[in-house]
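J.: Just passing along the structure, written as structure tokens.
Number of protein chains: 4
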Amino acid sequence: SNNFFLLSGPCAIEGEEMALRIAEKVVGLTDRLKIPYVFKGSFKKANRSRVDSFTGIGDEKALKILRKVSETFKVPTITDIHEPADAAMAAEYVDVLQIPAFLVRQTDLLVAAAETGKVVNLKKGQFMSPESMKHAVNKIQESGNKQVWITDRGTMFGYQDMIVDFRGIPTMKQYAPVVLDVTHSLQQPNQASGVTGGRPELINTMARAGIAAGVDGIFIETHFDPANAKSDGANMLALDRMEQLLTNLVKLRSTVNSLV
Amino acid sequence: SNNFFLLSGPCAIEGEEMALRIAEKVVGLTDRLKIPYVFKGSFKKANRSRVDSFTGIGDEKALKILRKVSETFKVPTITDIHEPADAAMAAEYVDVLQIPAFLVRQTDLLVAAAETGKVVNLKKGQFMSPESMKHAVNKIQESGNKQVWITDRGTMFGYQDMIVDFRGIPTMKQYAPVVLDVTHSLQQPNQASGVTGGRPELINTMARAGIAAGVDGIFIETHFDPANAKSDGANMLALDRMEQLLTNLVKLRSTVNSLV
Amino acid sequence: SNNFFLLSGPCAIEGEEMALRIAEKVVGLTDRLKIPYVFKGSFKKANRSRVDSFTGIGDEKALKILRKVSETFKVPTITDIHEPADAAMAAEYVDVLQIPAFLVRQTDLLVAAAETGKVVNLKKGQFMSPESMKHAVNKIQESGNKQVWITDRGTMFGYQDMIVDFRGIPTMKQYAPVVLDVTHSLQQPNQASGVTGGRPELINTMARAGIAAGVDGIFIETHFDPANAKSDGANMLALDRMEQLLTNLVKLRSTVNSLV
Amino acid sequence: SNNFFLLSGPCAIEGEEMALRIAEKVVGLTDRLKIPYVFKGSFKKANRSRVDSFTGIGDEKALKILRKVSETFKVPTITDIHEPADAAMAAEYVDVLQIPAFLVRQTDLLVAAAETGKVVNLKKGQFMSPESMKHAVNKIQESGNKQVWITDRGTMFGYQDMIVDFRGIPTMKQYAPVVLDVTHSLQQPNQASGVTGGRPELINTMARAGIAAGVDGIFIETHFDPANAKSDGANMLALDRMEQLLTNLVKLRSTVNSLV
């Protein structure tokens, strides 16, 4: 159908009930809208600003929940890994391994992910140019794995802001399918509180601009109660607003596909 | 029709023949596509990097050509002004006065433009936040002129690059209609040569993203022979590619208008 | 004596009494410390964020005060100009014409300043690279005036911050004597209030780093009562702290001069 | 003696002979100049831009050379670690564990380093504000280790440039002793070649400005033959230029110590 694909779910796997509840809702929407869907959830949060932030419910416990989501709804799943030893472990449970933006220059981690044979989703470093993502893609491909995506989550702009450089989308599409991470590109890092801020009212604007600029996929974190999510609540889309967003993006994508 | 409007023409008025030739072509397209059109041309280039760059054919001569374009094709015209004394002079010939981005903090210039009663198009300074454009808009409105537009031409990103921050579009639409300057937002300033560079292959990407993000207007410089234009050739759209671009943008805008 | 030189005074000339009071104090210090001194004061503030900000006491009135300072204390003076017609006017009263950072790309203004035969002090645009200041210097020199300085007042870093790039000092010293503007490089622009913020507690750090990096001059705004100054109070040095600052800088400069 | 301290050595341990040769030279200089010295060498390069870049001679082999340097010259040593399991291993051989800038948000790595009881040197992330380093320092201290340093290696400025923000030095000194990494702060990342560029002619300027701004230590990579070093040759100081640099910095530091 040449539709965009969707990577979506909560920031962190907080428990089985919440994961299944979110997945059920998004699976229902994406089935109806014919959007290829990958359920997203982190089994561990490894790079929180503060040492007292929530980091997870236990690695294996969270990974088993990801597998249960996959089996229950027949959807592929994605999770992020943080050190080379995570790669083989996570690959037993999920379909796509994601490399966090801060870690996308760590060669050992990329090679370990590539060697699992799973799809590897490389987050663009906040400190990297679109052009330099070619080298990261090469690290996967030269390890014998041709299934690699790039996800743009914005670029540092001063200390407390990020900007998405839409010029980079056509550039990076030369290397791999490109996903726009609408959630994290709206982050405002380095806040005095040690808690990353955000501007969730801009989710629609960013997602629409991404579709118009030709992205292959959209990444969006969602929760039925963002204000009580254990991480990244500042930018998550409320689950009950997902239908309207996706409906609009599908219409827009259809028009973009028809342009000459 | 709720279509976007278009500010377009050559960078500088190089002569009557070229101005009329460009206007005729764009007027034909915009009439057919029902795009409200304002013919753009600078009567003077006041801030070239180098002292030996082309600056114009003479102020009054260029302004008279702008008037001739207006009378010939029944379209409004826009030109940029550089010091307070320019405002009244230019206002005799054109319909919209544009404040260059470098000058948008110069209160006297803004007040002089406002006092002509013409529409004032404020370019967002490359050094200004979307939010701070509110103060510039206020300077026009508090001078008794309610007709003011904001045009975003990108924001400095390092020394040799600019980025359009699409988050700023909804912000600035709270203050005034917002135009995306596709041409100058692709500039690459501070090049070693003293000649500003560009990436014209990205014009389509930027314009589409702008329409999807909700801009009210598109600004795009065009020339039938960009390589021989006397200024800003690096980013101008070839005139014969304008039809395809506008056709696509009109389709996209129509879909954006239908989103819920 | 190979000391650094000092450009200092209030942001704006608010009246004769305050100008003379500040000049007397700084002249006393710089005489004793053998620092070549130029008294600084703006006769007009042309680019305030908000239309309701203080802009001056009257152009000619302020310029006459600058002349009185010069005659009273036998020191040269500097003021900034904003449009070409200001150049000849200001040149009748002061010794150095300063081009504001926002305006350093305006060719007509630079040429008008150059043609007065006065020293021209070019503020580096917040949007310019050190290397691109060569073109601005060339505009002065090619107008027949060889007396040109460059003053660095920081470079945009995100929307609400500026950074001084000390790598640029040796670069710009190839083109002209280089001054570090300690006051404005600590500005924090685009604040929500429309009033530029600052971090005056860092004046010592910046000035010392500048001397160590080899600047030829230091620019610093001062007032006996910064909290009640009519503009830029956020970053001005209290006059009674000037002695300690200059004493330290002279010692540091002497050591820097002795390095091999 | 209240002198600054020095972290210096080659980028990577390429072999025993080269390590001893560099250490011998620097130990001789720092003994004479009374500069506390820590020998620096990476046992592994984990985040090269390209997969075909040199990554090391073998972890244990390199660590044993670091121990040999320490025993031969009675100097402490520092090396960088990349995953939690590295911490205990490296701590058997060296005195200071360094966290690379890209990894300074990885909580597990910081905690593992802290738990060795060794001094931990945190490189400031290129994407972090000075203020946000407080949270990284807290992760070490709350793990029971009070010996922590911060090393500034510059902040992203656009895609292909870094700037040192000297305003951050007093800020970070509130949290821990601050070191200026003169070598890496002159890097120019994201070059088209996939090989990071540099501007080594600016080493003197940066180091002097750092001392004047009050840093506690200087980090500088050196090699007797930078052009043939296996990594980071673009910014390394030639070993035979070290004496002049350090001699100047010691003089400057002595003056800075005497300021009031």
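Residue numbers (the working numbering), protein chains in the order written: chain X, 306 to 565; chain L, 306 to 565; chain W, 306 to 565; chain Z, 306 to 565.
Ideal Cβ placement from N, Cα and C applies to all residues, glycine included.
Out of W:Thr-501, W:Phe-378, W:Glu-420 and W:Lys-428, which one is the CA nearest neighbour of Ile-455 of chain W?
T.: What you label residue 455 of chain W is simply residue 150 of the third sequence in a count that begins at 1. The residue with the shortest Cα to Cα distance from Ile-455 of chain W is W:Lys-428.
J.: Classify Val-453 of chain W as buried or exposed, calling it buried when 16 or more other Cβ atoms lie within 10 Å of its own Cβ.
T.: Along the third sequence, read from residue 1 onward, the residue named residue 453 of chain W stands at position 148. So Val-453 of chain W counts as buried.
J.: If contact is defined by three or more beta carbon pairs under 8 Å, each pair taking one atom from either stretch, is the segment 504–515 of chain Z in contact with the segment 478–494 of chain Z?
T.: Contact between the segment 478–494 of chain Z and the segment 504–515 of chain Z is present, because at least three Cβ pairs lie under 8 Å.
J.: Look at Ala-417 of chain L and Ala-441 of chain L and say whether their C-beta atoms are less than 8 Å apart.
T.: Translated into the one-based positions of the second sequence, residue 417 of chain L becomes position 112. Translated into the one-based positions of the second sequence, residue 441 of chain L becomes position 136. Not closer than 8 Å, so no.
J.: For Phe-524 of chain W, collect the residues of the same chain with a Cβ closer than 6 Å to its Cβ; drop the 5 residues on either side in sequence, then sort them by chain order.
T.: Here residue 524 of chain W refers to the residue found at position 219 of the third sequence. Hits under 6 Å: Leu-312, Thr-456, Val-484 and Asp-486.
J.: Once the 5 residues before and after Gly-342 of chain X are set aside, which same chain residues still bring their CB inside 6 Å of it?
T.: Position 37 of the first sequence, counting from 1, holds the residue named residue 342 of chain X. A small correction: the amino acid at residue 342 of chain X is Tyr; Gly does not occupy that position in the sequence shown. Leu-311, Thr-335 and Val-380.
J.: State the beta-bridge partners of Tyr-342 of chain Z as determined by DSSP.
T.: As a first step, residue 342 of chain Z is located in the fourth sequence; it is residue number 37 there, counting from the start. Paired residues: Z:Leu-311.
J.: Would you tell me roughly how many angstroms separate the C-alpha atoms of Gln-479 of chain Z and Asn-443 of chain L, rounded to the nearest one?
T.: Position 174 of the fourth sequence holds residue 479 of chain Z. Position 138 of the second sequence holds residue 443 of chain L. Spanning the two alpha carbons is a distance of roughly 41 Å.
J.: Kindly list, in the order they appear in chain L, the residues whose Cβ is closer than 7 Å to that of Asp-466 of chain Z.
T.: Residue numbering aside, residue 466 of chain Z sits at position 161 when the fourth sequence is read from its first letter. Here the neighbours are Gly-463 and Tyr-464.
J.: Specify, as a first and last residue, the run of the beta strand (DSSP E) that Leu-402 of chain W falls within.
T.: As a working mapping, residue 402 of chain W is identified with position 97 in the third sequence. Taken as a continuous stretch (DSSP letters only), the beta strand (DSSP E) holding Leu-402 of chain W covers 401–404.
J.: On a CA-only basis, which of X:Glu-447, X:Pro-435 and X:Gln-403 is nearest Thr-460 of chain X? Give me that one, please.
T.: On the first sequence, residue 460 of chain X is found 155 positions in, with the first residue counted as 1. Considering only alpha carbons, the answer is X:Pro-435.
J.: Starting from the C-beta of Gly-333 of chain X, find all residues in its chain whose C-beta is less than 7 Å away, skip the five residues before and the five after it, and write them out in chain order.
T.: Taking the first residue of the first sequence as position 1, residue 333 of chain X is located at position 28. Excluding residues within five positions, none has a Cβ falling inside 7 Å.
J.: Using a C-beta cutoff of 8 Å, does Gly-519 of chain W count as contacting chain Z?
T.: Translated into the one-based positions of the third sequence, residue 519 of chain W becomes position 214. By this cut-off, Gly-519 of chain W is an interface position.
J.: Output, in chain order, the set of chain X residues within a Cβ distance shorter than 8 Å of Asn-352 of chain Z.
T.: Along the fourth sequence, one-based indexing puts residue 352 of chain Z at 47. Here the neighbours are Arg-410, Gln-411 and Thr-412.
J.: Classify Glu-526 of chain W as helix, strand or coil using the three-state DSSP reduction.
T.: Looking up residue 526 of chain W in the third sequence gives position 221. DSSP places Glu-526 of chain W in strand when its eight states are reduced to three.
J.: Let me know if Lys-535 of chain W comes out buried or exposed under the rule of 16 or more other beta-carbons within 10 Å of its beta-carbon.
T.: Locating residue 535 of chain W in the third sequence gives position 230, counting from the first residue. Looking at its Cβ environment, which holds 16 or more other Cβ atoms inside 10 Å, Lys-535 of chain W is buried.
J.: Determine the DSSP secondary structure at Met-467 of chain X, reduced to helix, strand or coil.
T.: Indexing the first sequence from 1 puts residue 467 of chain X at position 162. In this structure, Met-467 of chain X counts as strand in the three-state DSSP scheme.
J.: Which complete beta strand (DSSP E) runs does the segment 398–451 of chain W hold, if anything under 3 residues is left out?
T.: Listed in chain order, the complete beta strand (DSSP E) runs (minimum 3 residues) inside the segment 398–451 of chain W are 401–404 and 424–428.
J.: At 4 residues or longer, what runs of the alpha helix (DSSP H) sit wholly inside the segment 497–565 of chain X?
T.: 508–518 and 547–563, all fully within the segment 497–565 of chain X.
J.: Looking only at its own chain, which residues have a Cβ that is under 7 Å from the Cβ of Tyr-464 of chain L, when we skip the five neighbours before and after it?
T.: As a first step, residue 464 of chain L must be located in the second sequence, where it is residue number 159. Taken in chain order, the residues that qualify are Asn-495.
J.: Going along chain X, which residues have a C-beta under 7 Å from Val-565 of chain Z?
T.: Indexing the fourth sequence from 1 puts residue 565 of chain Z at position 260. Correct list: empty, because the minimum Cβ distance to chain X is about 32 Å.
J.: Over the uninterrupted beta strand (DSSP E) stretch that includes Thr-456 of chain W, give me the two end residues.
T.: Taking the third sequence and counting its residues from 1, one reaches residue 456 of chain W at position 151. Note, Thr-456 of chain W: beta strand (DSSP E), 453–457.
J.: Below 7 Å on C-beta distance, what does His-440 of chain W contact in chain L?
T.: Residue numbering aside, residue 440 of chain W sits at position 135 when the third sequence is read from its first letter. Simply Ser-354, Arg-355 and Gly-499.
J.: Sorted by chain position, which residues of the same chain lie with C-beta nearer than 6 Å to Ile-508 of chain Z's C-beta, five sequence neighbours on each side aside?
T.: Here residue 508 of chain Z is taken as the residue at index 203 of the fourth sequence, counted from 1. Same-chain partners within the cutoff: Val-487 and Leu-542.
J.: For a contact meaning CB atoms closer than 9 Å, what does Met-511 of chain X contact in chain L?
T.: Along the first sequence, read from residue 1 onward, the residue named residue 511 of chain X stands at position 206. Result: Phe-471, Arg-472 and Ala-518.
J.: Do three or more CB pairs link the segment 365–373 of chain W to the segment 397–410 of chain W at distances below 8 Å?
T.: The segment 365–373 of chain W, when compared against the segment 397–410 of chain W, does touch it at the 8 Å Cβ threshold.
J.: Helix, strand or coil for Ala-393 of chain W per DSSP?
T.: Start at 1 with the first residue of the third sequence, and residue 393 of chain W comes out as number 88. Of the three classes helix, strand and coil, the one that applies to Ala-393 of chain W here is helix, per DSSP.
J.: With a cut-off of 8 Å on the beta carbons, I'd call Cys-316 of chain Z and Asp-545 of chain Z a contact; round off their distance for me.
T.: Residue 316 of chain Z sits at position 11 when you count from the first residue of the fourth sequence. Residue 545 of chain Z sits at position 240 when you count from the first residue of the fourth sequence. Not confirmed; about 17 Å, so no contact.
J.: Just verifying my parser: in three-state terms, what is the DSSP assignment at Asp-357 of chain L?
T.: Counting from 1 along the second sequence, the entry for residue 357 of chain L is found at position 52. Three-state DSSP puts Asp-357 of chain L in coil, outside helix and strand.
J.: According to DSSP, is Thr-488 of chain X part of a helix, a strand, or is it coil?
T.: As a working note, residue 488 of chain X is residue 183 in the first sequence. Thr-488 of chain X: coil per DSSP, three-state reduction.
J.: Following the continuous alpha helix (DSSP H) through Ile-370 of chain W, name the residue where it begins and the one where it ends.
T.: Residue numbering aside, residue 370 of chain W sits at position 65 when the third sequence is read from its first letter. Start and end: 364–378.
J.: Identify, in the order they occur along the chain, each residue of the same chain with its Cβ nearer than 7 Å to the Cβ of Ala-481 of chain Z, setting aside the five sequence neighbours on each side.
T.: In the fourth sequence, the residue the question calls residue 481 of chain Z occupies position 176. Once the five neighbours on either side are set aside, the close Cβ partners of Ala-481 of chain Z are Val-442, Val-453, Trp-454 and Ile-455.
J.: Here's a check: name, in chain order, each residue in its chain whose Cβ is nearer than 6 Å to the Cβ of Val-424 of chain W, leaving out the five neighbours to either side.
T.: For the purposes of this step, residue 424 of chain W is taken as residue 119 along the third sequence, with counting starting at 1. Val-401 and Gln-452.
J.: Let me make sure I understand the geometry here. Which of Z:Phe-407, Z:Ile-445 and Z:Asp-413 has the alpha-carbon closest to that of Ala-390 of chain Z?
T.: Here residue 390 of chain Z refers to the residue found at position 85 when the fourth sequence is read from its first residue. That would be Z:Asp-413, whose Cα lies nearest to the Cα of Ala-390 of chain Z.
J.: Cβ closer than 7 Å: which chain Z residues qualify as neighbours of Ser-403 of chain W?
T.: For the purposes of this step, residue 403 of chain W is taken as the residue at position 98 of the third sequence. Contrary to the premise, residue 403 of chain W reads as Gln rather than Ser in this sequence. What Gln-403 of chain W touches in chain Z: nothing, since even the nearest Cβ is about 24 Å away.
J.: Measure the alpha-carbon distance for Gly-449 of chain L versus Asp-357 of chain W and round it to whole angstroms.
T.: Taking the second sequence and counting its residues from 1, one reaches residue 449 of chain L at position 144. Taking the third sequence and counting its residues from 1, one reaches residue 357 of chain W at position 52. The straight-line gap from Cα to Cα measures roughly 14 Å.
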